[in-house]
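Protein chains: 4
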Amino acid sequence: MKKEREKFFRILDAAVRVFAQKGFFKARISDIAKEAGVADGTVYLYFKNKDDILIQVFEVNLDRILKELHLQLSVLPGPLEKLERWFRYQVELFQSNKELVEVLIVEIRQSRRFMKEYTPNLYFAYLDILGSVLKEGKEEGVFVETLDANILKYAIYGAVEEVALRWVLKGGAFDISRAIDGLFLIWLEGIAYKKGAAFLPEARNVPSHTHNGGLS
Amino acid sequence: MKKEREKFFRILDAAVRVFAQKGFFKARISDIAKEAGVADGTVYLYFKNKDDILIQVFEVNLDRILKELHLQLSVLPGPLEKLERWFRYQVELFQSNKELVEVLIVEIRQSRRFMKEYTPNLYFAYLDILGSVLKEGKEEGVFVETLDANILKYAIYGAVEEVALRWVLKGGAFDISRAIDGLFLIWLEGIAYKKGAAFLPEARNVPSHTHNGGLS
Amino acid sequence: MKKEREKFFRILDAAVRVFAQKGFFKARISDIAKEAGVADGTVYLYFKNKDDILIQVFEVNLDRILKELHLQLSVLPGPLEKLERWFRYQVELFQSNKELVEVLIVEIRQSRRFMKEYTPNLYFAYLDILGSVLKEGKEEGVFVETLDANILKYAIYGAVEEVALRWVLKGGAFDISRAIDGLFLIWLEGIAYKKGAAFLPEARNVPSHTHNGGLS
Amino acid sequence: MKKEREKFFRILDAAVRVFAQKGFFKARISDIAKEAGVADGTVYLYFKNKDDILIQVFEVNLDRILKELHLQLSVLPGPLEKLERWFRYQVELFQSNKELVEVLIVEIRQSRRFMKEYTPNLYFAYLDILGSVLKEGKEEGVFVETLDANILKYAIYGAVEEVALRWVLKGGAFDISRAIDGLFLIWLEGIAYKKGAAFLPEARNVPSHTHNGGLS
DNA sequence: CATGAATGAGCCTTCATTCAT
DNA sequence: TATGAATGAAGGCTCATTCAT
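Protein chains in written order, with the working numbering: chain A, 1267 to 1482; chain B, 1267 to 1482; chain C, 1267 to 1482; chain D, 1267 to 1482.
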């Protein structure tokens, strides 16, 4: 019981590393098996086939991520805080799990095509969290009512994703934390409802953004 | 004669369609040949191998796109107009060339891994255009001096890309034109230097903004 | 008329060079065509197929060689002179036509297997000349009556061939002329009838070789 | 287990049979696999590729032959006995292993061209044994000092090889044992030092032939 | 006659998957 | 459960041959 789950995860994590390095199609089952320290055949005791490994990589990890993100957001009072935490969570995700994130980002697109039967529901669930925060912000009047949460969630996600992917691919050549922070402010500036006043100064003390104050 | 460029492009375009539908790895040479209406062997008269087809898809099309984008931006007076045109150009690109764009977006990431020798220079050249516009805007004082063009270009690109990709994948379920317009305004709001006033109304006559289109 | 034969030989000679360099199986029709300075299709105006080219290389050249050898031997008085001339002719052949000889030697063996329908009659005709000289020598009493011309012709041919082939492959690293001369003397010593002396019995006590076996 | 050398040899021997029948280039991997009673893919568990099969056929068998020949010669007292045993060993080789010998003889020539990286060292090692015997004979005074062992080894080998090959190709139409015995005597007569008669000095002015008389 | 672009049969090789141990 | 040798389907690629110009 304990044992079997242990080996399941051993293979799953090995798969993440191998997929990150070679890509799903170039990765061989034997690569994964070797990386996991098991025999080729053993892989098939825990996974239906090669596709299933990728699916499990998605499901297991996204599920974990989703739960964690939900938990973190649930304790926060408003959409502004939640949005900021959402941004911050991405950074932590990328920093702590480069390989996993690379696999999720790169392979999820490919997978859509070769796995007709598998719809990445968890991926959409993930985006829906962002969408909910945006909607909540609209309803509470902190975000402009003109924004379309269903589209903006993709935009925000895409922006963060691309920056993070570059960061991963460049081997951490810049400060991802500051980059995403800056990104958050830009987005906020773009979507926050400005009731005749500078909301940001009191909203939070963001690093080095005194210029924003000049908004009036 | 030698000038059978016609057949080269016939195969190249067929490859775009097949890659868009099945993905590079699942696509068979025979699929492409059949789609192009030629024999399998004929493909090898115009392309070195399967990888080369993908490389050519990148190079030929990105080169064409790059030239066109350069041309369109070169006639515009300032960074604001250029940035808007950049957004608008994306829309046109996606609308007129769904399959090509899908291939470019999805496969360019995979390609990084299996084509070690091939660096997608044209892809970076494409992003550099956006980066230049952002830098130009900073220098001219229309964008805030705190923005990091080298990171922001990825963010903006990523946002547009993700929205467009969803639009492509959903089969045009929403008004991409309005969506990107709205996105442009948000970004602009986020990065434009605001000299003590609401700049937008007088800054330019952006498409009225009341529509704010797909984002509403 | 003149023209067509000219091109036939142009291709034939090109084939010899290409076969010598790459071997029959590795040689491509396009290699031969390029070497001959004609289009691929032109080859098929003069030859039935690839196999036919090799057959023609054999037939045409062996025929020419055979006629020349016949001519040279026919003017000589006795088998001894003929045998010497035969040796000398080999040297000239190898020296003047390295590539052709290499093709004839190496490919004729392979060809036996893949060209069931083609029996290298001319090759046997060539060896028969040597056989005839040996028989003539036996009849005239200049060679020992115990030699088996039908086997010895292969032996002598094989000895000369192997030495010549090494000379070709080593790029003329030794004096082929002297080597073949020495070889001739050794063979002569071995097969010439020595009047007035039964040489073997006292020459050495060879382990039980009174039978003198297959050559009798 | 790991020690599936049995299957390695099963495939290797199958390859010898198939190569002997169809030649290396005409032989298909599937032919060899079927002959060995394994699946096509299994061949690649034991051999790198098709070329490697031929290389292994050379190496494994020549190595075995070399060792055996060395062993047999090492127990013999002098070069004369060794030379005779060398001849006798050829006969046994051809008789017991027709197909292998055919492959070794015919393919080793082809191989020189398509396997640039592979130098048939073992083939040369094999010839060097013969060369050593000849040199030893010269030093001990049993062979004439005028012979060039480095060339003669090729000649002797070539003679034996060609006769043996004909025997193989003709399906054993003559008594190979007696043929090679006779060949040995002829060579011996040609190269053995004959006390009481220096034949070579005056022998050089050939056709004259009178020198033979002086043998007594 | 000459061309060379086009064809497509054929084959080597890979690797996901199975199964006897 | 675990193994890893064995399988064989699949597909990229070559090149002899054809034929429209």
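Cβ coordinates follow ideal geometry from the N, Cα and C atoms, glycine included.
Check: Minimum Cβ-Cβ distance from residue 1319 (chain C) to chain D less than 8 Å; Outcome: no
Check: Three CB pairs or more closer than 8 Å across the segment 1423-1432 of chain B and the segment 1415-1425 of chain A; Outcome: yes
Check: Residue of A:1315, A:1417, A:1280, A:1292 minimising C-alpha distance to residue 1304 (chain A); Outcome: A:1280
Check: Strand pairing of residue 1353 (chain D), partner residues [DSSP]; Outcome: Residue 1353 (chain D) pairs with nothing; no bridge assigned.
Check: Exposed unless 16 or more other CB atoms sit within 10 angstroms - verdict on residue 1406 (chain C); Outcome: exposed
Check: Within chain A, the residues that residue 1344 (chain B) reaches when beta carbons sit closer than 9 Å; Outcome: None at all; the shortest Cβ gap to chain A is about 20 Å.
Check: Residue-level contact to chain B via CB, residue 1449 (chain A), 8 Å cutoff; Outcome: yes
Check: Three-state secondary structure (DSSP) of residue 1313 (chain C); Outcome: coil
Check: Under 9 Å by beta carbon: chain C residues contacting residue 1291 (chain D); Outcome: 1289, 1290, 1291, 1292, 1376, 1380
Check: Per-residue contacts from residue 1423 (chain D) into chain C (C-beta, under 7 Å); Outcome: 1428
Check: DSSP bridge partner residues for residue 1324 (chain B) (one or two, in chain order); Outcome: None; residue 1324 (chain B) has no bridge partner.
Check: Where residue 1417 (chain B) meets chain A, residues with beta-carbon distance less than 7 Å; Outcome: 1429, 1440, 1445
Check: Beta carbon of residue 1343 (chain A) nearer than 8 Å to that of residue 1399 (chain A); Outcome: no
Check: Separation of residue 1359 (chain B) from residue 1389 (chain B), as counted between CA atoms; Outcome: 15 Å
Check: Host alpha helix (DSSP H) of residue 1390 (chain B) (start-end); Outcome: 1387-1405
Check: Buried or exposed (CB count within 10 angstroms, at least 16 for buried), residue 1307 (chain D); Outcome: exposed
Check: Nearest residue (CA-CA) to residue 1362 (chain B), options B:1275, B:1442, B:1414; Outcome: B:1442
Check: Neighbouring residues, chain C, relative to residue 1325 (chain D) (Cβ below 7 Å); Outcome: Ordered by position in chain C, no residue passes the 7 Å Cβ test against residue 1325 (chain D), which lies about 20 Å from the chain.
Check: C-beta neighbour in chain C for residue 1455 (chain D), strict 8 Å; Outcome: yes
Check: Spatial neighbours of residue 1401 (chain A) in its chain, beta-carbon cut-off 6 Å, leaving aside the 5 residues before and after; Outcome: 1415
Check: Proximal chain C residues relative to residue 1432 (chain D), where beta-carbon distance stays under 7 Å; Outcome: 1420
Check: Where residue 1452 (chain B) meets chain A, residues with beta-carbon distance less than 7 Å; Outcome: 1456, 1457
Check: Sequence-distant residues of the same chain with beta carbon closer than 8 Å to residue 1352 (chain D), five excluded per side; Outcome: 1335, 1339, 1395, 1396, 1399
Check: Residue burial classification, residue 1329 (chain A) (beta-carbon count within 10 angstroms, cutoff 16); Outcome: exposed
Check: Where residue 1409 (chain B) falls: helix, strand or coil (DSSP); Outcome: strand
Check: Within 8 Å, strictly: CB atoms of residue 1433 (chain A) and residue 1456 (chain B); Outcome: no
Check: Candidates C:1431, C:1341, C:1315, C:1413, of which the one nearest residue 1444 (chain D) by Cα; Outcome: C:1413
Check: For residue 1307 (chain A), the three-state DSSP class (helix, strand or coil); Outcome: helix
Check: Beta-carbon spacing of residue 1293 (chain A), residue 1284 (chain A) below 8 Å; Outcome: yes
Check: Euclidean distance between Cα positions of residue 1373 (chain C) and residue 1271 (chain D); Outcome: 34 Å
Check: Burial state of residue 1404 (chain B), where buried means 16 or more other Cβ atoms lie within 10 Å; Outcome: buried
Check: Cα-Cα separation between residue 1357 (chain D) and residue 1277 (chain A), rounded to whole angstroms; Outcome: 59 Å
Check: Contact belief for residue 1290 (chain D) with residue 1320 (chain D) at Cβ below 8 Å, rounded distance in angstroms; Outcome: 6 Å
Check: Residue 1365 (chain D) beta carbon less than 8 Å from that of residue 1286 (chain D); Outcome: yes
Check: Contacting positions in the segment 1384-1416 of chain A - beta carbon closer than 7 Å to chain B; Outcome: 1412, 1413, 1414
Check: Short CB-CB distance (under 8 Å) between residue 1284 (chain C) and chain D; Outcome: no
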